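Data first, discussion second: the structure below is written as structure tokens.
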Amino acid sequence: MSVQPAFAPAALSEATCFSVHAPADPSVMPRVMDVFAKRSLVPSRWHSTLDGPGGEELHIDIQVAGLEPAAGERLAALLRQLVCVETMLTSHR
Numbered sequence: 001m002s003v004q005p006a007f008a009p010a011a012l013s014e015a016t017c018f019s020v021h022a023p024a025d026p027s028v029m030p031r032v033m034d035v036f037a038k039r040s041l042v043p044s045r046w047h048s049t050l051d052g053p054g055g056e057e058l059h060i061d062i063q064v065a066g067l068e069p070a071a072g073e074r075l076a077a078l079l080r081q082l083v084c085v086e087t088m089l090t091s092h093r
């Protein structure tokens, strides 16, 4: 008899992944988070780093578990429209 967990960890479930690249500016993260918050979505993972020679580039990697692919595409389009976003990539795993 095998024991199954009562929940599926986010790392093992399906997720839509977003990778946002923008200038390092204090307003970027709240603007990006607002796209999710306005839709009552809480990312299952959020990781941000400063990159570039002087730390002038902000890279944000976000995962949202259980999101329908069409909804992920709509969110990606909204993220691409943010004035601060230079590059926005998305994938579904």
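For the sequence shown, the numbering used here begins at 1 and goes up steadily by one. Where a beta carbon is used, it is the ideal one built from N, C-alpha and C, also for glycine. It should be emphasised that the depicted structure is a prediction, and the values quoted were computed from it without experimental measurement.
- Burial state of Val42 is exposed, judged by a 10 Å Cβ sphere holding fewer than 16 other Cβ atoms.
- Met29 is bridged by DSSP to nothing; it lacks a bridge partner.
- Residue pairing for Leu67: DSSP places it in no beta bridge.
- CA-CA distance, Glu86 to Asp51, rounds to 14 Å.
- Residue Ala22 holds the alpha-carbon nearest to the alpha-carbon of Gly55 among Ala70, Phe36, Glu14 and Ala22.
- Straight-line spacing of the CA atoms in His92 and Pro53 works out to 31 Å.
- Judged by beta-carbon spacing, Gly66 lies within the 8 Å limit of Glu14, meaning their Cβ atoms are closer than that value.
- Residue pairing for Asp51: DSSP places it in a beta bridge opposite Glu57.
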